[in-house]
Structure formats: C-alpha cells, structure tokens
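In what follows, a single structure is set out as structure tokens and then discussed.
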Ligand code: ADP
Ligand code: MG
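Next up, the structure:
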C-alpha cells in the first residue's frame, strides 16, 4: 500500500478521492460535520500539491437512482467552508456535469461529484456492473486516493473496483484510522474494555466472538442489550430483540465465563411506552421491563456501574450509543459513558470512539473531539478491522500497490 507522497508530482494530475462524507442531515441541514472535517486535510493537501481534486462520496441509502433528499449539494457547501476555498459541485456523478466540472478544473481546484449511490453500479452485487461504473469513474481521473475509512469494508465500485483501474494510494485519514486500530489489536495496554451499543444488533453481535479473545471487559448497552437479557431469561417487553440470536448470545456468556472476560450488563433501564421523546417513561430494574414498554436507554445506576468499570482501563473502544440519545429523555446513559471515557483519557488511557452515530452523539452532548484519544469516522469498518476481517478497500490497495508505477495511465493534464 502506498501513501500519497509516493504518487510523485501531482501538479496538473486529476486525482479521484473517495471520501466518507456521509453526514447526518435534518432536511438539508448538516447536524454533525465531523466526517467533512475529518476528510478535509487529505483534500486540502492534494489541492495544495497542485492536483485537480475530484472528490466522490455517498450519502444515505438511495436505491441506485437520484433522490433529492440524498443530494450531496449541502455537503459541497460545507466542504467549501471547511477548506476555505470554492468547491465545484457536479450535479451528476459520471455524466455531463461531472465531465464538464473536471474538464474545466484548474490545478488546485476541488470538484465534488453527486452521490455515488445515485448509480446502481456503485453497490451492485455483480463484478461486471460494478466494474462498468468504476470504469466511468476512473475515466475522470489519472490517479485514485482511497480516503473513505467508513467504507473500506465495502466491496463497492468507488472503494474497490476503481483502485484496480488507476494507480492508487491510501489517504491520510485512512492511514490514521488504521494506525489507531492497530494499537487496539496489537498488544493493547490492559485493562482493555470494549463498550458496545447502538441499533445494528445482528451486525455487532458478530464482533463479540473476536472481542472475547482480546478484551478484558465487555460493557453492553443500547439496542443489543435486550438480546442479552432474553438470553438470561428476562422479559424485554417491546424492546429491540433479535430472537434468533439468543442462543448465540448464551454461547457468548458461557465463553466469557470460561475465558475470564467480564461481561457487564445494565442493571436498570429507561422503559418507555413508545419510541418517542414524549412517551411516558420510567426507570425499571433490568429484570422487570413491563410487557408494554420498550427499553430506550440504560438507567442511572447502570451509568454509574459502567463508569466504574471504565475508570481503571488503559484502553477503551466504544461503538454504539447506550440509548436513543437523539431524544433528550434517553441520552443520559450515552452521556455517562462519554464522560467516563473523557475522564479515563485524561488519565492517559487510549480511547477510541467508532461509529457515525456514536461520534455524532458525543458531539451533540457537548464533548470536544480532543477529549477522546480518537474519534473514528467508521463504525462498521472499525468493528470489522477489530474482528480481524479483511477489508476489501485496504486489501485492494495492497494488491495494486506494486503495479502503480504504470505511468502510461498518468499522462500529464497540466
Ligand atoms: P453507530 O452508528 O455508532 O455504529 P448504530 O448505527 O448501531 O451506531 O446505532 C445508533 C442508533 O441506535 C441511534 O440512532 C440510537 O437511537 C439507536 N439506539 C440505541 N439504543 C437503542 C434502544 N435501546 N432502542 C432503540 N434504538 C436504540
Ligand atoms: Mg449508525
């Protein structure tokens, strides 16, 4: 895998950068610009090196055709503000507007292409469909820089296939992210705790297998907690539950015991009548969630317990909010964990917060990025890295790394 500096003189070169600009939006208002700020340094460095920078990214989950609400237009505006320079926005991804924007770009200019996922080829399952779209993307550029850490675990056209068509390098953000995660997988300082929460329950349950071999403590909150409760025979009411995963979780609990890994579960839960900020809600013991209620946050005693279990840690990885933090009545558990991480960071521990919603949560709750060791832009990607899985967007850079000297495809466009 080669770095941007190994790409040689970039002056006049058209550089396609895959960034992760998938920010949360409220209408067309960006509610957390963390991923834009995290992506800016690579884009700026390329622009300052004289490249014609063509940024591509996705937003949300459109189904392969344009949808106004998933337009990257608001992101282009914010990116321009963060960079302190104009960003030309192409209203399509590989069509007329994109080609015109790229053709008229001068050295140092930045172009943002419209949402990659407005094109079915981006996420297509067949290699042929993806390769065709990747070919169109590659046709816009001379070299490729992979800097969207949040998507490196996806075998998608702009992440994987395009890297096989152009001389490619890894961007600074991905390098930083991988560097931090390496420290978690290679001999982490102990005690090492992992806090898991959020809503993508079945995705995240898979990680536990691997974590049981590396972590000393596993703290479980958020939506996945109810599958653990069910495994212990508790009633979980209307809470999020993956009934078909209960046996797997029972297995994890047994394995944890054997390996001496401490699994910490909430002792109380904020239980609401419905998924709404105005719903009637009370704190109940973990084992006594009423049948007509859903658990939307860990309770205050659990917040104290989790903070205690984090206080002496030297390494902490956290993915997934402890509750439905977007609604004020269910944000306290997430705030308690965030505060515990901040305190243990101040004591010198390495703390990593991963996941789009987790990162948004800590900022929304008023914490600053520099109060944590590292805020990762990738949730799924960081989890898969910790699991030891191969990340297609990284492996492809290793495979193609040696073949990038090919100057044939990098004729000068100055
Ligand atoms: P991340 O993006 O950090 O990886 P996820 O996407 O897995 O995290 O989950 C984030 C979402 O989980 C938040 O929108 C939050 O509202 C939701 N959530 C957390 N706890 C619960 C719960 N108990 N019930 C329902 N949703 C929950
Ligand atoms: Mg999420």
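Numbering (the numbering used here), first residue to last: 207 to 620. Backbone N, C-alpha and C fix where the C-beta goes; we use that ideal spot for every residue, glycine too.
- [ ] If I'm right that residue 296 touches residue 304 with Cβ under 8 Å, what's the distance once you round it to whole angstroms?
- [x] Residue 304 and residue 296 do touch by the CB rule: their CB atoms are close to 4 Å apart, below 8 Å.
Open item on the list: Could you check whether the Cβ of residue 226 sits closer than 7 Å to any heavy atom belonging to ligand 2?
Closed with: For ligand 2, not one heavy atom lies less than 7 Å from the Cβ of residue 226.
Open item on the list: Nearest by alpha-carbon distance to residue 339: which of 512, 352, 323, 354 is it?
Closed with: Minimum Cα distance to residue 339 is reached at 323.
- [ ] With a cut-off of 8 Å on the beta carbons, I'd call residue 509 and residue 551 a contact; round off their distance for me.
- [x] With a contact defined as Cβ atoms closer than 8 Å, residue 509 and residue 551 miss out at about 18 Å.
TODO: Just the C-alpha distance for residue 608 and residue 385, rounded to the nearest angstrom, thanks.
DONE: Low confidence applies to residue 608: its pLDDT is 40, below 50, so where it sits in the model is not reliable, and the reading given next is rough at best. Distance from the CA of residue 608 to the CA of residue 385, rounded to the nearest whole angstrom, comes to 21 Å.
Open item on the list: Restricting to runs no shorter than 4 residues, where is the alpha helix (DSSP H) found entirely within the stretch 524-554?
Closed with: For the stretch 524-554, whole alpha helix (DSSP H) runs of length 4 or above, ordered along the chain, are 538-552.
Task: Collapsed DSSP secondary structure at residue 430 in the structure displayed - done: Secondary structure of residue 430 (DSSP, three-state): helix.
TODO: Kindly give me the distance between the Cβ atoms of residue 326 and residue 335, rounded to whole angstroms, as I take these residues to be in contact under 8 Å.
DONE: With 8 Å as the limit, residue 326 and residue 335 qualify as a contact, their Cβ atoms being about 7 Å apart.
Open item on the list: I need the residues with a C-beta less than 5 Å from some heavy atom of ligand 2; please give them in chain order.
Closed with: Working through the chain, the matches are 562, 563.
TODO: Could you tell me whether any non-hydrogen atom of ligand 1 is closer than 7 Å to the CB of residue 532?
DONE: Yes, Cβ of residue 532 sits closer than 7 Å to a heavy atom of ligand 1.
Task: residue 557 - containing beta strand (DSSP E), residue span - done: 556-560 is the span of the beta strand (DSSP E), which, as asked, contains residue 557.
- [ ] Identify whether residue 437 lies in helix, strand or coil by the three-state DSSP scheme.
- [x] The answer is helix: DSSP assigns residue 437 an H, G or I state.
Open item on the list: Suppose the cutoff is 6 Å on Cβ atoms and the five residues either side in sequence are ignored; what does the same chain contact list for residue 354 look like?
Closed with: Within the same chain, residue 354 has close Cβ partners 224, 225, 226.
Task: From 438, 345, 585, residue whose alpha carbon lies closest to that of residue 451 - done: When the alpha-carbon of residue 451 is set against those of 438, 345, 585, the nearest one is in 438.
Task: Heavy atom of ligand 1 within 7 Å of residue 527 beta-carbon - done: Residue 527 Cβ: within cutoff of ligand 1.
Open item on the list: Please classify residue 557 as buried or exposed, where buried requires at least 16 other C-beta atoms within 10 Å of its C-beta.
Closed with: The residue in question, residue 557, is buried, as its Cβ has 16 or more Cβ neighbours within 10 Å.
Task: Through-space distance from residue 243 to residue 479, alpha-carbon basis - done: Rounded to whole angstroms, residue 479 to residue 243 spans 38 Å at the Cα level.
Task: Opening and closing residue of the alpha helix (DSSP H) in which residue 338 lies - done: First-last of the alpha helix (DSSP H) with residue 338: 333-344.
Open item on the list: I need the DSSP call for residue 468, collapsed to helix, strand or coil.
Closed with: Residue state, collapsed to three classes: strand.
Open item on the list: Please tell me whether, using a cut-off of 7 Å, the distance from the CB of residue 595 to the nearest non-hydrogen atom of ligand 1 is below it.
Closed with: A distance criterion of 7 Å places the beta-carbon of residue 595 beyond contact range of ligand 1, judged by its closest non-hydrogen atom.
- [ ] On a CA-only basis, which of 490, 505, 507, 506 is nearest residue 499? Give me that one, please.
- [x] Across the set 490, 505, 507, 506, the C-alpha of 490 shows the shortest separation from the C-alpha of residue 499.
Open item on the list: Taking 7 Å as the cut-off, is the beta-carbon of residue 406 closer than that to any non-hydrogen atom of ligand 1?
Closed with: For ligand 1, at least one heavy atom lies less than 7 Å from the Cβ of residue 406.
Task: Same chain, Cβ closer than 8 Å to residue 372, neighbours up to 5 away in sequence not counted - done: Correct list, in chain order: 222, 344, 347, 348, 349, 350, 615.
Task: Extent of the continuous beta strand (DSSP E) to which residue 490 belongs - done: 487-491 is the extent of the beta strand (DSSP E) around residue 490.
Open item on the list: With DSSP as the reference, identify every bridge partner of residue 501, one or two as the case may be.
Closed with: In DSSP, residue 501 forms a bridge with 477.
Task: Three-state secondary structure assigned by DSSP to residue 399 - done: Looking at residue 399 - three-state DSSP - the assignment turns out to be strand.
Task: 8 Å contact criterion, which residue 259 and residue 294 should meet: CB distance rounded - done: Wrong, their Cβ atoms sit about 10 Å apart, outside the cutoff.
Open item on the list: Within 8 Å, do at least three Cβ pairs link the stretch 514-521 to the stretch 471-485?
Closed with: Short answer: they don't touch.
Open item on the list: Shorter than 7 Å, the distance from the beta carbon of residue 509 to the closest heavy atom of ligand 1, or not?
Closed with: Flag unset: Cβ of residue 509 not near ligand 1.
- [ ] Let me know if residue 538 comes out buried or exposed under the rule of 16 or more other beta-carbons within 10 Å of its beta-carbon.
- [x] Burial is judged here by how many other beta carbons sit within 10 angstroms of a residue's own beta carbon; residue 538 has at least 16 and is buried.
Task: Local Cβ density within 10 Å of residue 209, reported as buried at 16 or more and exposed below that - done: Residue 209 is exposed by the Cβ-count criterion.
Task: Burial state of residue 211 (16 or more Cβ within 10 Å) - done: Classification for residue 211: exposed.
Open item on the list: Cutting at 7 Å between CB atoms, please list the residues of its own chain near residue 488, excluding the five before and the five after it.
Closed with: So the list reads 477, once near-sequence residues are dropped.
Open item on the list: Measuring straight from C-alpha to C-alpha, what distance separates residue 300 and residue 604?
Closed with: The straight-line gap from Cα to Cα measures roughly 26 Å.
Open item on the list: I'd like to confirm something about residue 231: is its beta-carbon nearer than 7 Å to some heavy atom of ligand 1, or not?
Closed with: Residue 231: no, Cβ never under 7 Å from ligand 1.
- [ ] Give a yes or no on contact between the stretch 586-606 and the stretch 412-420, applying the rule of three or more CB pairs nearer than 8 Å.
- [x] Contact between the stretch 586-606 and the stretch 412-420 is present: 3 or more CB-CB pairs across the two stretches fall below 8 Å.
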